[in-house]
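**Q**
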Amino acid sequence: MRDCVLVDKSKSQYKGNFHMHTARSWDSDCPYRQALSEYQSKGYQFCLVSDHEVYWDSDECDTENFIALSGVESAFIVPETEPKWICDKSRFTHMHVNLINDWTVGKPGFAHNQVLKRPVCYGLDSWQNYIDYCRSKNQLVIVNHPSWSRMAYEDLLSLRGITAFEVINSGCYTDGCGTDERYWDYCLSKGRRILGLSGDDTHHYGPKQIVCGTAFTMLQADEFSRAGLVAAIKAGSFYASMGPVIHDMRIQNDVLHMEFSPVKNVMIVSRDFTAKGFFNPGGTLESIDWPIKDRLKYFRVELVDQQGRKAWSQPVFPGPWDGSSIPALAEDPHTPLPPGTENLQP
Ligand SMILES: [Zn+2]
Ligand SMILES: [Zn+2]
276 MRDCVLVDKS
286 KSQYKGNFHM
296 HTARSWDSDC
306 PYRQALSEYQ
316 SKGYQFCLVS
326 DHEVYWDSDE
336 CDTENFIALS
346 GVESAFIVPE
356 TEPKWICDKS
366 RFTHMHVNLI
376 NDWTVGKPGF
386 AHNQVLKRPV
396 CYGLDSWQNY
406 IDYCRSKNQL
416 VIVNHPSWSR
426 MAYEDLLSLR
436 GITAFEVINS
446 GCYTDGCGTD
456 ERYWDYCLSK
466 GRRILGLSGD
476 DTHHYGPKQI
486 VCGTAFTMLQ
496 ADEFSRAGLV
506 AAIKAGSFYA
516 SMGPVIHDMR
526 IQNDVLHMEF
536 SPVKNVMIVS
546 RDFTAKGFFN
556 PGGTLESIDW
566 PIKDRLKYFR
576 VELVDQQGRK
586 AWSQPVFPGP
596 WDGSSIPALA
606 EDPHTPLPPG
616 TENLQP
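Residue numbers for the sequence shown follow this note's numbering, so the first one is 276 and each next one is one higher.
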């Protein structure tokens, strides 16, 4: 397969949170400066201020070492007068997305403190059209907490134009929803190249609260700026974690090499029954080398530390297709050429 570098130990990593609420949301009472300063005190270098339906686009809390990214959380709604398609509050089926302004393209199509109207759910086409609309406003789209939203795997599979989904949402995790790898593997095994990130979805702050800081996303950006961070998101140069840190992850000569903070075990996850687990009984692991098996559709790596906290690499597709170009066109040996066409060149 092609050599590639997923995490480069020669580059800086920036710790961030892609999902938080403040008193600008109806369900939090924490002033935004206090919320952001709690994240900074926990070593975070950027946060997406994703209040419910109230857009954030301000640099008033930015410092040399901290950036508050522009964005919002937007949720579909079903008014009582409308038929219920997928979203149905009585059955707890929802669709929430986080929007992040794409500073590599331009300014957001929403103003700071603008209150967004909620899109009405008319089923999958209405979800897709809203995603397309948000992208036209220079927004990257993240699908939030699919298991809490009671989304079907096919619902996530059907969506185009999303940048990533939340493989862990700390609020949902601590509420008992767990983590959402099953959605990921369902989509990846069908060839949907979706990326995973984490979001705390913090609503309450202070020493008695457990959500703030439960998870984080590490970004490898060439430049610590709004555009630099967003460029790294678009390049897929990030991974989600609750604790372990990946220092290096690369593929050279068909061997996966990884270096990371001490962990209890490493799981190479795939749907092709070629997955592998690495353990060091009585000790810890800090690196692995794994010869990649032939004909593997995809794999991704999970690290678990001694406190049971996970980190999730992005998926790798070992095949020759890069995922964005027109797929290779192959001759079919069973298709006879019509008479007289043998010498025609395409
Ligand atoms: Zn939500
Ligand atoms: Zn939220």
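Note that CB positions come from ideal geometry on N, CA and C, so glycine has one too.
Treat the numbers as computed from the prediction; the structure is a model and nothing was measured.
1. Once you ignore the five residues that flank Met542 on each side, which residues in its own chain have a CB closer than 6 Å to its CB?
2. Gln484: which of Gly446, Thr610 and Arg575 sits nearest, CA to CA?
3. Around the Cβ of Leu604, are there at least 16 other Cβ atoms within 10 angstroms (buried) or fewer (exposed)?
4. What does the shell around ligand 1 hold, if a residue joins when its beta-carbon is under 5 Å from any heavy atom?
5. Under the DSSP definition of a beta bridge, which residues are partnered with Ala515?
6. Using a Cβ-Cβ cutoff of less than 6 Å, which residues in the same chain neighbour Arg233 once the five nearest sequence positions on both sides are dropped?
7. Is the CB-CB distance between Asp283 and Gln495 below 8 Å?
8. Per DSSP, what kind of secondary structure is Ser505 in: helix, strand or coil?
9. Which whole-angstrom value is the C-beta distance of Lys286 and Thr379, which I expect to be below 8 Å?
10. So is the beta-carbon of His296 under 7 Å away from any non-hydrogen atom of ligand 2?
11. With C-beta atoms as the reference, is Leu560 less than 8 Å away from Ala515?
12. Three or more C-beta pairs closer than 8 Å, one from the segment 517-524 and one from the segment 304-316: is that the case here?
13. Suppose only complete runs of 4+ residues qualify. What are the alpha helix (DSSP H) ranges in the segment 336-377, listed by chain order?
14. Give, in chain order, every unbroken run of the alpha helix (DSSP H) that is at least 4 residues long and sits entirely within the segment 435-503.
15. Judging by CA-CA distance, which residue of Ser365, Pro593 and Ile375 is the nearest neighbour of Lys568?
16. Quick one: measure Cβ to Cβ for Pro383 and Ser345, integer angstroms, because I've assumed they're closer than 8 Å.
**A** On the basis of the supplied data:
1. One-based indexing of the sequence shown puts residue 542 at position 267. Only Gly552 and Glu577 meet the Cβ criterion.
2. By 1-based counting over the sequence shown, the position of residue 484 is 209. The option with the nearest alpha carbon to Gln484 is Gly446.
3. Here residue 604 is taken as the residue at index 329 of the sequence shown, counted from 1. Burial call: exposed.
4. His371 and Asn419
5. As a position in the sequence shown, residue 515 is number 240, starting the count at 1. Ala515 is bridged to Thr492 and Trp587.
6. The question about residue 233 has no answer, for the chain in this structure spans 276 to 621.
7. Within the sequence shown, numbered from 1, the residue matching residue 283 stands at position 8. Within the sequence shown, numbered from 1, the residue matching residue 495 stands at position 220. Contact flag set, yes.
8. Against the sequence shown, residue 505 aligns to sequence position 230. Here residue 505 turns out to be Val, not Ser, going by the sequence shown. Helix, per DSSP.
9. For the purposes of this step, residue 286 is taken as the residue at position 11 of the sequence shown. For the purposes of this step, residue 379 is taken as the residue at position 104 of the sequence shown. That belief does not hold up - the Cβ atoms of Lys286 and Thr379 are roughly 18 Å apart, past 8 Å.
10. Stepping through the sequence shown from its first residue, residue 296 is reached at position 21. Correct: His296 has its Cβ closer than 7 Å to ligand 2.
11. Counted from its first residue, the sequence shown places residue 560 at position 285. Counted from its first residue, the sequence shown places residue 515 at position 240. For the pair Leu560 and Ala515, the CB atoms are not nearer than the 8 Å cut-off.
12. no
13. Listed in chain order, nothing qualifies, since the segment 336-377 has no complete alpha helix (DSSP H) run of 4 or more residues.
14. List check, alpha helix (DSSP H) in window: 445-449 and 456-464.
15. Here residue 568 refers to the residue found at position 293 when the sequence shown is read from its first residue. Out of Ser365, Pro593 and Ile375, Pro593 has the C-alpha closest to the C-alpha of Lys568.
16. As a first step, residue 383 is located in the sequence shown; it is residue number 108 there, counting from the start. As a first step, residue 345 is located in the sequence shown; it is residue number 70 there, counting from the start. Contact flag correct, Cβ pair sits at about 5 Å.
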